[in-house]
Structures are given as structure tokens and as C-alpha cells.
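The structure under discussion appears below in the form of C-alpha cells.
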Amino acid sequence: CRQERSREELCVEGAAAHRNTMDCLIALRGDGYVLVAADTSFARSILVMKQDEDKILELDDTKIMGMSGEQGDREQFGDYVKRNLALTYYRTGEALSTKAAASWTRNSLAKALRSRGSYQVNMLLGGYDADVDKVSLYFIDYLAAMHEVPYAAHGYAGFLVLGLMDRLYKPDMSLDEGIALMQAAIKQLQLRFLVNCPTFMVKVVDRAGVREVQLGTAAAADAPQQ
Amino acid sequence: MEAISHAGACVGILATDGVVLAAEKRVTSKLLEPEMRSDKMFQVDDHIACAVAGITADANILVNWIRRAAQQYTYNYQEPEPVELLVRDLCDLKQGYTQYGGLRPFGVSFLYAGWDRRHNFQLYHSDPSGNYAGWKATAIGNNNQAAQSLLKQEYKEEMDMEAACKLALQVIGKTMDSTNVQPEKLEFCTLTLEDGKPVYKELSNEEVEAIINSVELKKE
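Written as C-alpha cells, this is what we have:
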């Protein structure tokens, strides 16, 4: 049900959207895989609550969704998407395609947007579809805009990383090349971003399923030289 | 259920390259405006069609429901709805009317013809109780037992659309009251794939005539 919202509420919400920007969320798709990277700090104001937060949700064995933004909304909405995907699987006997899952997610976000309880979560949803043997990556922001993209980033991370990816990304990169590019991007963030992001969680989805990727430490990572 | 067994017969046959639905038009009068809405065949979505037998007014409500449901799914998922899911959701609705509220059930049986990427062509049948099942060939409405037994004898696994249309015609002819099979008394629709996309087609009288002729010729 819809309720009228006061002007104050709307102003607060607009300002709060700024909070979405601090989390670092980057993703790219290559030859048969999608890589999603997210920083692992959870901070409130000047305090860091934890350094080992996993912001990349495994929706099912062929889809992962990196999420940034309000922590409570991340958990709630992420879980909501995951459980509804599972329900669809049990009802129909097969999982949704990546496109259908992304569309449903976007649609839920859009419905919630103009209601009492909107979710302030940005997402990068990557998935593998066995029936066409293809991977796809969907950029979804908290206002329910969506697009299929070869690589993307949410928040401030984009300022620092998209230029580099524009230069270095090639379609159908091998997994090793993709990981190297991701490492280069993360290194830039750790060098130039005001907010300290010492550790990242990186996951990959491909034909073989979903798994975590171990990157070298910040010191060990070598960025491709320009 | 009684009303349905008196309603015009409908036959559905699953072929390797499509599904055919054939129905007997109950009301034929020179005064009837032809091209206006059929009361037997309905296209539900690009990839799903249905034929009905029973109370027309009830059928209209339910067809409207499934048309809306199919679009709602596509709105949410940006993909065509899997056929079985649509059938099942409608059947859940029908079942509700048998269990809650003191309302009477919908007096309609459906034959659904559909195509989706996972299961290719499919044929389903549902009745007022909300039961449904997938079929290779089945019939509803008037004389459906006779139709079913004929189908059991004549149906072959690897039939193509041409053979399926001919068989549908033979079966419908058997169930009809009159001995003379005329295109004006029949409705035929087919669901096939063209360029990988499902195509729904209502056959014109000439096309039905052509099928009648091909069946008759074979007999001679």
C-alpha cells in the first residue's frame, strides 16, 4: 500500500543516497566468466565496524550479485531476491535465466521505489546461462535503472576505475587477463581513493559455477604498465 | 462438467513441429457476423493459444485472466512465461473456486497449446476442478470419449503438423453431429515456429477446406 511521504522524508532520502557511493563495487565479464569484486569493509561514520564483510551474494549456482549501499537494505533485499529465485526454481523445476532474474530484481526495486520502503542498494548481477552457453553482467542501481554491460562500477569507485577499464578491457578476455585487470583496478582504488579499502572479496561465475578468487595482496599485485 | 460435455468439441494434437487445435463451432447461422471474436479459440500470448469448451461467459473471464497473467510475467521477467506455469497458475485459481467462498466453479475446460524454450511444444488440458495434465493428443466437449479412443488408435509419436491437422480433422468430423464436414462449422488454429519464433495462426476457411480435401482424397 502506498502512503504519502512528507517533503522532509524525501529530502533525507535524497541525502542518504550519498551513502551508496562509498562502497567499492566493480565487475567485468570476459570469455565465459563474470568477475565481481567488492571491498570488505563495513563502516559507519568514522568507525569501521568490520573488515571482512562479504557483499557478493551467491544467488544460486549460476548467478552472483555484488551489492553496495545501506547494509540493512543490502541484506534484506539480497535475501529477498535469493529466496524468490529459489521459489521459482521449486515451482517450475528450472532456474530463471540471468536476464529474467535481473529483470525481476529491477522490477521489485522499481515497485518499492515509490512506496514506503525503498531499498538503497546498487547491484552488479553476473550470471552464466547454460542453454546458450553465455555469460551476462547487469548493472542495476538503487533507482531501478538496469543495463547489460561488459564492465561496470558503482559509486566513487567508478571515478577511479572506469577510465582504466575503458583503456584495458577487451571483450572475451581470458580469466587470467580479467583477474589482472581487476587487480589493476583495485590497486588504483587502494592508491587513490580517500576511503581505505585494504581488502577485497572477488568472486567469479562461469560454466563450472561460483567460486571465490584469491587476489595477491595490495603490495604484491602488479598493475599492467601504461 | 455437464455443460462442458454438451459443448462443441475441441481436439488438440501435439506434433513434432507444432500443435494444432481444432474446434466445432456450435452456433452457425447466416446472421452471425463471421470475423468477430471466436467463442472457441483464443490467442493468449505470442507463444500460447487455447481452445475452450463450456460456458462461454466463464471462458471469457478466464481467458482474460490468463492473458493478463502472461503479460504480467513478461513485465516482471522480460521473458515469455513458461507454458506449464501459466496453466498451473490458472488451475490454482480454478481450484480456489472449488474450495472457498461458496462461489460456483468455472464451467469451462481448456486445451492449451504453447511453446517455450525449455520444453518446446506442449499441449495441456484443464477442467473446472483445477486439475491439469500434459497430453500428446486429447479432446474435450461433446463426444470426447469417442474422440479420445480414436486418437489413441491413430496418434503416432512422430507426426508432423500436416499429419496432425489431418488427424484432428478426422477426429472432429467423428464427434460432430452432422455427417457433412464443412469449413464454416470448424475452427482450426496452429502454433508453430518460424525463424525460431512461435507463430499462432487461425486457418482460413480455404485452408480448412484444403485439409478436408486432402483427408477425403486419402480415403478414396
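Protein sequences, first through last, are from chains B and X.
Residue 210, in this note's numbering, is where the first sequence stops; the numbers in between run on with no holes.
Residue 268, in this note's numbering, is where the second sequence stops; the numbers in between run on with no holes.
We put the beta carbon where it would ideally sit given N, CA and C, even for glycine.
For clarity, every value in this text was computed on a predicted model and none was experimentally measured.
About 7 angstroms separates the Cβ atoms of B/GLY50 and B/MET107, confirming a contact at the 8 angstroms cut-off.
By the criterion of a C-beta distance shorter than 6 angstroms, B/LYS187 is surrounded in its chain by VAL20, ILE40, ILE48 and GLU196, once the five residues flanking it on both sides are discounted. By alpha-carbon distance to X/LEU69, the top candidate from X/LYS204, X/ASN261 and X/LYS184 is X/LYS184.
Taking the Cα positions, X/LEU138 is about 17 angstroms away from X/ASP164.
Among the residues of chain B, those whose CB is under 7 angstroms from the CB of X/GLN126 are LYS83, ALA84 and SER87, following chain order.
B/GLU161 and X/MET89 have their C-alpha atoms some 56 angstroms from each other. Look at the beta carbons and you see the stretch 58 to 65 of chain X not touching the stretch 67 to 82 of chain B: under three pairs across the two are nearer than 8 angstroms. The CB of X/ARG166 comes closer than 7 angstroms to the CB of GLU78 in chain B, given here in chain order. Secondary structure note for X/VAL131: its alpha helix (DSSP H) is the uninterrupted segment 131 to 147.
Taking the Cα of X/MET207 as reference, the smallest distance to any Cα among X/GLU254, X/PHE169 and X/VAL135 is reached at X/PHE169.
Taking every protein chain shown into account, the CB of X/GLU129 has 16 or more other CB atoms within 10 angstroms, so this residue is buried. As a beta-bridge residue in DSSP terms, B/MET185 pairs with B/ALA22. Straight across, the Cα-Cα distance linking X/ALA51 with X/GLU72 is about 15 angstroms. The beta carbons of B/LEU144 and B/PHE177 sit about 6 angstroms from each other, so the pair counts as a contact at 8 angstroms. Residues of the stretch 105 to 119 of chain B that bring their beta carbon within less than 9 angstroms of a beta carbon in chain X comprise ASP115, in sequence order.
A contact is defined here as three or more CB-CB pairs under 8 angstroms, and the stretch 109 to 125 of chain X fails this definition with respect to the stretch 247 to 261 of chain X. Near chain B, meaning a CB-to-CB distance below 9 angstroms, the residues of the stretch 131 to 142 of chain X are GLU132, LEU133 and ARG136. The beta carbon of B/ASN91 sits closer than 8 angstroms to some beta carbon of chain X. Each residue's CA atom was taken as its position, placing B/LEU71 and B/THR89 some 14 angstroms apart. Straight through space, the alpha carbons of B/ASP150 and B/ILE124 are spaced by roughly 19 angstroms. Remark: C-beta atoms of X/ALA97 and X/TYR248 approach each other more closely than 8 angstroms. The three-state secondary structure of B/GLN35, taken from DSSP, is coil.
Counting the other CB atoms within 10 Å of its CB gives B/MET166 a total of 16 or more, which places it among the buried residues.
Residues SER92 of the same chain have their beta carbon placed closer than 8 angstroms to that of B/TYR64, with the five preceding and five following residues left out of the count. Contact between X/GLY189 and X/GLY56 is confirmed by a C-beta separation of about 5 angstroms, below the 8 angstroms threshold. The continuous stretches of beta strand (DSSP E) do not include X/GLU210, which lies in the alpha helix (DSSP H) extending over residues 209 to 223.
With a cut-off of 8 angstroms on Cβ pairs, the stretch 50 to 59 of chain B is in contact with the stretch 106 to 121 of chain B, counting three or more such pairs. With respect to the C-alpha of X/VAL131, the residue from X/VAL156, X/THR146, X/ALA212 and X/SER174 having the closest C-alpha is X/SER174. Each of X/GLY178, X/LEU215 and X/LYS142 was checked against the Cα of X/LYS204, and the nearest Cα belongs to X/LEU215.
Between B/GLY110 and B/VAL119, the CB-CB gap stays under 8 angstroms.
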